[in-house]
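Visitor:
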Ligand code: ARG
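Numbering (this note's numbering), first residue to last: 142 to 454.
(1) Could you tell me which uninterrupted beta strand (DSSP E) segments, each at least 3 residues in length, are contained entirely in the segment 216–267, listed from first to last along the chain?
(2) Roughly how many angstroms lie between the CA atoms of residue 254 and residue 193, to the nearest whole one?
(3) Taking the C-alpha atoms as reference points, what is the distance between residue 379 and residue 371?
(4) Go ahead and pull the three-state DSSP assignment for residue 352.
(5) Between the alpha carbons of residue 300 and residue 220, how many angstroms are there, rounded?
(6) Which full runs of the beta strand (DSSP E) of 3+ residues lie inside the segment 276–338, going along the chain?
(7) Candidates 309, 324, 228, 445: which alpha carbon is nearest residue 400's?
(8) Spatial neighbours of residue 286 within its chain, please: C-beta separation below 7 Å, excluding the five flanking residues on both sides.
(9) Using DSSP with H/G/I as helix, E/B as strand and the rest coil, what is residue 361?
(10) Considering Cα atoms alone, identify which of 435, 290, 244, 185 is closest to residue 88.
(11) Let's test the definition: count the other Cβ atoms within 10 Å of the Cβ of residue 211 and tell me whether it reaches 16, buried, or not, exposed.
(12) Would you report the Cα separation of residue 247 and residue 426, rounded to the nearest angstrom?
(13) Out of curiosity, what's the CA-to-CA distance linking residue 282 and residue 434?
(14) Decide if residue 375 is buried, meaning its Cβ has at least 16 other Cβ atoms within 10 Å, or exposed.
(15) With a threshold of 7 Å between beta carbons, is residue 290 in contact with chain C?
(16) Can you tell me the Cα-Cα spacing of residue 236 and residue 323, whole angstroms?
(17) Please determine if the segment 336–356 and the segment 385–398 are in contact, where contact requires at least 3 C-beta pairs separated by less than 8 Å.
(18) So does residue 194 have its beta carbon nearer than 6 Å to some heavy atom of ligand 1?
(19) Given this structure, state the Cα-to-Cα distance separating residue 422 from residue 428, to the nearest angstrom.
(20) Taking the alpha helix (DSSP H) that residue 376 belongs to, which residues open and close that run?
(21) Is the number of C-beta pairs between the segment 436–450 and the segment 195–206 that are closer than 8 Å three or more?
(22) Alpha carbon to alpha carbon, how far is residue 377 from residue 307? Give it in angstroms, no decimals.
(23) Taking the C-alpha atoms as reference points, what is the distance between residue 436 and residue 190?
(24) With H, G and I counted as helix, E and B as strand and the rest as coil, what does DSSP make of residue 166?
(25) In terms of alpha-carbon separation, which member of 432, 402, 398, 417 lies closest to residue 411?
(26) Assuming residue 403 and residue 451 make a contact with CB atoms under 8 Å, what is their CB distance in whole Å?
(27) Quick check: residue 244 and residue 279, are their CB atoms within less than 7 Å of each other?
(28) Pull up the CB-CB distance for residue 317 and residue 331, whole angstroms please, since I reckon it's below 8 Å.
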């Protein structure tokens, strides 16, 4: 049976976009690798400094000019320090001139670990041209650190990394949003590849354009509890979420649009740009401590804390 993806081998091979066709699953990578805990707390995050951050092209309903660059730098530094104080090690990738959204490190690749092949990434196919240019820089960063590259043949479909693809905290499955950025066709191809590694993917149809990425309306809090804005989903998606979690905590639309569902769970903290009474009560039920960080400059681009990092282990 043909595999639904192929793995790029050479360290400098960045032409995955141009590669088409089907290769079979590569045996050397099936070698045993160190087993990581399947439910490890996030330990290391990758961030990209906002040196060239800007709002130029309107890609989502939040985007508005102008950016205060000094404040953006301060807010980014503060998020980095907040993560570090929460026990997260932060690594950085060099920003690239003219790639104004490269600071949103959640989007360029999907990061995973499989007992079969070890650490891997799935490069994104970004919807906007300018953002497609970010992907090879991230791919190179991961490739230099020994991650396998699972290159999907996306043929004009879009897949936007951890903007739309969220691990269940125990890494038993992947929640996958589509409708505004990632396409259903891409999610289906991603699902086929993940199935070969033993990870089920649950597609979730998004219907509110202010919740254009899944990370704006779904935040896993622990293996049993999730934070969602229910109005962001088509009915069958909402059913899948309610079937997949023991406790589903709901945000209002107003809270979701303030990026309250775009938080980061790190070692007992919930890092969030804002705190409401509703969020406070949800977090206390789940034994999480709210930690506030201001991300107002990045919200002018449609992103907050979750979007500004990707967990790499
Ligand atoms: N301006 C960026 C875009 O529209 C924001 C990306 C936010 N990232 C996220 N993971 N939600 O692509």
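The beta carbon of each residue, even a glycine, is placed where N, CA and C say it ideally should be.
Guide: Quick answer:
(1) 230–233, 250–255, 259–264
(2) Counted from its first residue, the chain shown places residue 254 at position 113. Counted from its first residue, the chain shown places residue 193 at position 52. Near 31 Å, if we compare the C-alpha coordinates of residue 193 and residue 254.
(3) Walking along the chain shown from the start, residue 379 turns up at place 238. Walking along the chain shown from the start, residue 371 turns up at place 230. Each residue's alpha carbon lies about 7 Å from the other.
(4) Position 211 of the chain shown holds residue 352. In this structure, residue 352 counts as helix in the three-state DSSP scheme.
(5) As a working mapping, residue 300 is identified with position 159 in the chain shown. As a working mapping, residue 220 is identified with position 79 in the chain shown. Going by C-alpha positions, residue 300 is about 26 Å away from residue 220.
(6) 289–292, 306–308, 315–319
(7) As a first step, residue 400 must be located in the chain shown, where it is residue number 259. Answer by Cα proximity: 445.
(8) Residue numbering aside, residue 286 sits at position 145 when the chain shown is read from its first letter. No residues qualify anywhere along the chain.
(9) Taking the chain shown and counting its residues from 1, the one referred to as residue 361 is at position 220. DSSP places residue 361 in strand when its eight states are reduced to three.
(10) Outside the shown range of the chain (142 to 454) lies residue 88, about which nothing can therefore be said.
(11) On the chain shown, position 70 is the one that residue 211 refers to. Counting Cβ neighbours within 10 Å, residue 211 comes out exposed, since fewer than 16 surround it.
(12) Start at 1 with the first residue of the chain shown, and residue 247 comes out as number 106. Start at 1 with the first residue of the chain shown, and residue 426 comes out as number 285. For residue 247 and residue 426, the distance between alpha carbons rounds to 27 Å.
(13) Within the chain shown, residue 282 is the residue found at index 141, counting from 1. Within the chain shown, residue 434 is the residue found at index 293, counting from 1. C-alpha separation (whole angstroms): 27 Å.
(14) As a first step, residue 375 must be located in the chain shown, where it is residue number 234. Its Cβ having fewer than 16 others within 10 Å, residue 375 is exposed.
(15) Checking the listed chains, one finds no chain C in this structure; it contains a single protein chain.
(16) Residue 236 sits at position 95 when you count from the first residue of the chain shown. Residue 323 sits at position 182 when you count from the first residue of the chain shown. Approximately 24 Å between the Cα atoms of the pair.
(17) yes
(18) Along the chain shown, read from residue 1 onward, the residue named residue 194 stands at position 53. Here the distance from the Cβ of residue 194 to the nearest heavy atom of ligand 1 is not below 6 Å.
(19) As a first step, residue 422 is located in the chain shown; it is residue number 281 there, counting from the start. As a first step, residue 428 is located in the chain shown; it is residue number 287 there, counting from the start. Spanning the alpha carbons of residue 422 and residue 428 requires a straight line of approximately 10 Å.
(20) Position 235 of the chain shown, counted from the first residue, corresponds to residue 376. Note, residue 376: alpha helix (DSSP H), 376–385.
(21) yes
(22) Against the chain shown, residue 307 aligns to sequence position 166. Against the chain shown, residue 377 aligns to sequence position 236. Cα to Cα, residue 307 sits roughly 18 Å from residue 377.
(23) Looking up residue 436 in the chain shown gives position 295. Looking up residue 190 in the chain shown gives position 49. Whole-angstrom Cα-Cα distance: 14 Å.
(24) Start at 1 with the first residue of the chain shown, and residue 166 comes out as number 25. At residue 166 the pLDDT is 33, less than 50, meaning the model places this residue with poor confidence and gives no usable figure here.
(25) The count along the chain shown starts at 1 and reaches residue 411 at position 270. Nearest of 432, 402, 398, 417 to residue 411, Cα basis: 432.
(26) Numbered from 1 along the chain shown, position 262 holds the residue referred to as residue 403. Numbered from 1 along the chain shown, position 310 holds the residue referred to as residue 451. With 8 Å as the limit, residue 403 and residue 451 do not qualify as a contact, their Cβ atoms being about 14 Å apart.
(27) The residue given as residue 244 occupies position 103 in the chain shown. The residue given as residue 279 occupies position 138 in the chain shown. It is not a contact, given that the beta carbons lie outside the stated cut-off.
(28) Translated into the one-based positions of the chain shown, residue 317 becomes position 176. Translated into the one-based positions of the chain shown, residue 331 becomes position 190. Indeed, because the Cβ distance is near 7 Å, the residues count as touching under 8 Å.
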